[in-house]
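Residue numbers (numbering that gives the first Met the number 0), protein chains in the order written: chain W, 0 to 212; chain G, 0 to 212. Just so it is clear, CB atoms sit at the ideal spot from N, CA and C, and this is done for glycine as well.
Number of protein chains: 2
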Amino acid sequence: MKIALIRVRTLPDILIMDNHGSAIEKAFPGLKVTPYCIEDQHSGVYDEESEAKAIPKVARIGKQIRDADAIVVSCAADPGVSQLKKELRVPVVGAGEAVARVSKTLGTSVGVITITGNVPAVIRADLGPQLRAWRKVAEVTTALDLESEKSGEGVLAAAGELVGQGCDVIALACTGFCTIGIASVINKRFQVPVVDPVWAAGAVLYTTYLANR
Amino acid sequence: MKIALIRVRTLPDILIMDNHGSAIEKAFPGLKVTPYCIEDQHSGVYDEESEAKAIPKVARIGKQIRDADAIVVSCAADPGVSQLKKELRVPVVGAGEAVARVSKTLGTSVGVITITGNVPAVIRADLGPQLRAWRKVAEVTTALDLESEKSGEGVLAAAGELVGQGCDVIALACTGFCTIGIASVINKRFQVPVVDPVWAAGAVLYTTYLANR
Chain W
0 MKIALIRVRT LPDILIMDNH GSAIEKAFPG LKVTPYCIED QHSGVYDEES
50 EAKAIPKVAR IGKQIRDADA IVVSCAADPG VSQLKKELRV PVVGAGEAVA
100 RVSKTLGTSV GVITITGNVP AVIRADLGPQ LRAWRKVAEV TTALDLESEK
150 SGEGVLAAAG ELVGQGCDVI ALACTGFCTI GIASVINKRF QVPVVDPVWA
200 AGAVLYTTYL ANR
Chain G
0 MKIALIRVRT LPDILIMDNH GSAIEKAFPG LKVTPYCIED QHSGVYDEES
50 EAKAIPKVAR IGKQIRDADA IVVSCAADPG VSQLKKELRV PVVGAGEAVA
100 RVSKTLGTSV GVITITGNVP AVIRADLGPQ LRAWRKVAEV TTALDLESEK
150 SGEGVLAAAG ELVGQGCDVI ALACTGFCTI GIASVINKRF QVPVVDPVWA
200 AGAVLYTTYL ANR
């Protein structure tokens, strides 16, 4: 099954660009991912303005993709996802909707970790009353900042606060958390289910792959 | 990761009882499933009365289970699921909520195939306006009937009508559809994504397994 994965951050290198794709390929044998990235947006999506800029870029790339059985938009804000769902015939999965829906199925009280000053609107709407609490990672503004040496401690501090507030599942509301592989670290520290948004999108698509083998 | 899977149909044989478990184990390497089934309900859950009878039985079994990292209730009506979610500390996933949420993420217009005279309430509520249409399989009343020789054609006829109505994803609203492996048959015939409810529950849990390796 061929998946086109659209990164919402301009990346210079195919290997970096492909790290979300390889996270999916390693987790879900049989899925083959080709990465794409939007142009001229080196800090990615991290606030309303950058999200608004990304929407037409994601939509344009998505509409140009041929020869994919499905598309993943690898951003927890799901920029361009609703447009592409309307216009394309293949499944289009946003990492935001996927992480929200998987998380609310796993737990009753979802704790959301963000890099932005709010929970992405699509995740907030989908979780509804199951959104128990959320935390922004301290001293992080964009997904790039997550790659700094100190960010891991900030994520763990946020997770600890959410678990302390009674959250029984942690939803990671930025696909930059996949890049640094932090879901496993949080799980080992707090023994709570943690949902990586890229894996969540992969899991949703994997169900159709299973029926298509 | 150890998963307890509760069948809502009384089954005499561990091999039959385990066919949903083995569907999960084959699809998601690393998940290990132990099957359970409710007592004294040989026709399973197929209407409001049988669903009401199953709820306390599922809840009782679920509360007695020790040594499981998660529980799957293998019925698209999710009997006992909300109670168990409140009372247990491990994730409890209903096949109904899982198939609804995965399906609505894959497509915009969900077509639901049932064995009963209505769409299970949990699936209807979760799909909301994305529920485009639904069909009951002709001449089938319980999950047992699905195992008859002629049921496959009935399922394909229902799927064909839903695709003809513009549904872009098919949700199978009975875990008996997993027993007969019909998702792949529908997918091959109509080239539309088809979501098996047992695989959907497995996919949701697999995301937490990935973070726990």
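* **3-residue-minimum beta strand (DSSP E) runs that sit fully inside the stretch 129-162 of chain W, ordered along the chain** => 130-135
* To do: Find the nearest neighbour of Ile5/G within the set Gly180/G, Val98/G, Thr141/G and Ala69/G, judged by alpha-carbon distance.
  => Your numbering for residue 5/G matches position 6 in the second sequence. Ranking the options by Cα distance to Ile5/G, first place goes to Ala69/G.
* Asked: So, does the CB of Asp195/W fall closer than 8 Å to a CB anywhere in chain G?
  -> As a first step, residue 195/W must be located in the first sequence, where it is residue number 196. Closer than 8 Å: yes.
* **Contacts around Ala137/W, its chain only, beta-carbon distance under 6 Å, and the 5 residues preceding and following it disregarded** => Position 138 of the first sequence holds residue 137/W. Once the five neighbours on either side are set aside, the close Cβ partners of Ala137/W are Gly153.
* To do: Put Gln69/W into one of helix, strand or coil per three-state DSSP.
  => Stepping through the first sequence from its first residue, residue 69/W is reached at position 70. It is Ala, not Gln, that sits at residue 69/W in the sequence shown. Reduced to three states, the DSSP call for Ala69/W is strand.
* Asked: the stretch 71-87 of chain W: which residues have C-beta closer than 8 Å to a C-beta of chain G, in chain order?
  -> Answer in chain order: Lys84 and Lys85.
* **Span of the beta strand (DSSP E), counted from its first residue to its last, around Leu171/G** => Position 172 of the second sequence, counted from the start, is the residue given in the question as residue 171/G. From DSSP, the beta strand (DSSP E) with Leu171/G extends over Val168 to Leu171.
* Where Ala172/W and Glu148/G are concerned, what is the direct C-alpha to C-alpha distance, given to the nearest angstrom? -> Start at 1 with the first residue of the first sequence, and residue 172/W comes out as number 173. Start at 1 with the first residue of the second sequence, and residue 148/G comes out as number 149. Their backbone Cα atoms lie some 47 Å apart in a straight line.
* To do: Would you mind working out which of Ser108/G, Gly175/G and Leu126/G sits nearest Asp17/G, comparing C-alpha positions?
  => Counting from 1 along the second sequence, the entry for residue 17/G is found at position 18. Among Ser108/G, Gly175/G and Leu126/G, the Cα nearest to that of Asp17/G belongs to Gly175/G.
* To do: Could you spell out where the beta strand (DSSP E) holding Val44/W opens and where it closes?
  => On the first sequence, residue 44/W is found 45 positions in, with the first residue counted as 1. From DSSP, Val44/W is part of no beta strand (DSSP E); its letter is neither H nor E.
* Using a Cβ-Cβ distance under 8 Å, would Thr113/W count as near chain G? -> To locate residue 113/W, count along the first sequence from 1; it is residue 114. Chain G contact via Cβ: absent.
* Are the stretch 186-197 of chain W and the stretch 34-51 of chain G touching by the rule of at least three beta carbon pairs closer than 8 Å? -> no
* Where Thr141/W and Ile114/W are concerned, what is the direct C-alpha to C-alpha distance, given to the nearest angstrom? -> Mapped onto the first sequence, residue 141/W falls at position 142. Mapped onto the first sequence, residue 114/W falls at position 115. Rounded to the nearest angstrom, the two C-alpha atoms are 6 Å apart.
* Asked: Is it right to say Arg59/G is buried, meaning 16 or more other beta carbons lie within 10 angstroms of its own, or is it exposed?
  -> Locating residue 59/G in the second sequence gives position 60, where the first residue counts as 1. Flag for Arg59/G reads exposed.
* At which residues does the beta strand (DSSP E) containing Gly201/G begin and terminate? -> In the second sequence, residue 201/G corresponds to position 202, counting from 1. No beta strand (DSSP E) holds Gly201/G; the alpha helix (DSSP H) holding it covers Pro196 to Leu209.
* Asked: If we count the other Cβ atoms within 10 Å of its Cβ and call it buried at 16 or more, is Lys103/G buried or exposed?
  -> For this step, residue 103/G is matched to residue 104 along the second sequence. Buried.
* To do: Find the residues of chain G that neighbour Glu152/W, judging by a C-beta separation of less than 9 Å, and give them in chain order.
  => Locating residue 152/W in the first sequence gives position 153, where the first residue counts as 1. The premise fails here: Glu152/W is roughly 18 Å from chain G at the closest Cβ pair, so nothing lies under 9 Å.
* Pair within 8 Å by beta-carbon distance, Leu30/G and Gly61/G -> For the purposes of this step, residue 30/G is taken as the residue at position 31 of the second sequence. For the purposes of this step, residue 61/G is taken as the residue at position 62 of the second sequence. Cβ distance not < 8 Å, so Leu30/G and Gly61/G don't count as in contact.
* Asked: Since Gly175/W meets chain B, which of its residues come closer than 8 Å, beta carbon to beta carbon?
  -> In the structure shown, chain B cannot be found, because the protein chains are W and G.
* Quick one, which of Ile2/W, Thr33/W and Phe27/W has its alpha-carbon nearest Leu14/W's? -> Residue numbering aside, residue 14/W sits at position 15 when the first sequence is read from its first letter. Of Ile2/W, Thr33/W and Phe27/W, the residue nearest in Cα terms is Thr33/W.
* Asked: Thinking just about the alpha-carbon of each residue, which of Ser81/W, Arg88/W and Trp133/W is nearest to the one in Gly163/W?
  -> Along the first sequence, one-based indexing puts residue 163/W at 164. Measuring from the Cα of Gly163/W, the nearest candidate turns out to be Trp133/W.
* Asked: DSSP puts Thr113/W in a beta bridge; with which residues?
  -> Locating residue 113/W in the first sequence gives position 114, counting from the first residue. Answer by DSSP bridge pairing, in chain order: Lys135/W.
* To do: Could you check the C-alpha separation between Ala157/G and Val109/G for me, to the nearest Å?
  => Sequence index remark: in the second sequence, residue 157/G carries index 158 (1-based). Sequence index remark: in the second sequence, residue 109/G carries index 110 (1-based). If you take the alpha carbons of Ala157/G and Val109/G, they lie about 13 Å apart.
* To do: List the residues of chain G that Val92/W touches, going by C-beta distances under 9 Å, in chain order.
  => For the purposes of this step, residue 92/W is taken as the residue at position 93 of the first sequence. Thr104 and Leu105, listed in chain order.
* To do: Taking all protein chains shown into account, decide if Ala22/W is buried (16 or more other Cβ within 10 angstroms of its Cβ) or exposed.
  => Walking along the first sequence from the start, residue 22/W turns up at place 23. Buried: at least 16 other Cβ atoms inside 10 Å.
* **Whole-number beta carbon distance between Thr107/W and Asp167/W, since they are thought to touch under 8 Å** => Residue mapping note: residue 167/W aligns to position 168 of the first sequence, counting from 1. Residue mapping note: residue 107/W aligns to position 108 of the first sequence, counting from 1. Between Thr107/W and Asp167/W the Cβ distance is about 6 Å, and since that is below 8 Å, they are a contact.
* To do: Please report how far the alpha carbon of Ile179/W lies from the alpha carbon of Val89/G, in whole angstroms.
  => Within the first sequence, residue 179/W is the residue found at index 180, counting from 1. Within the second sequence, residue 89/G is the residue found at index 90, counting from 1. One C-alpha to the other measures close to 26 Å.
* Taking only beta-carbon positions, decide if Asn18/G is within less than 8 Å of chain W. => What you label residue 18/G is simply residue 19 of the second sequence in a count that begins at 1. With 8 Å as the cut-off, Asn18/G does not count as an interface residue toward chain W.
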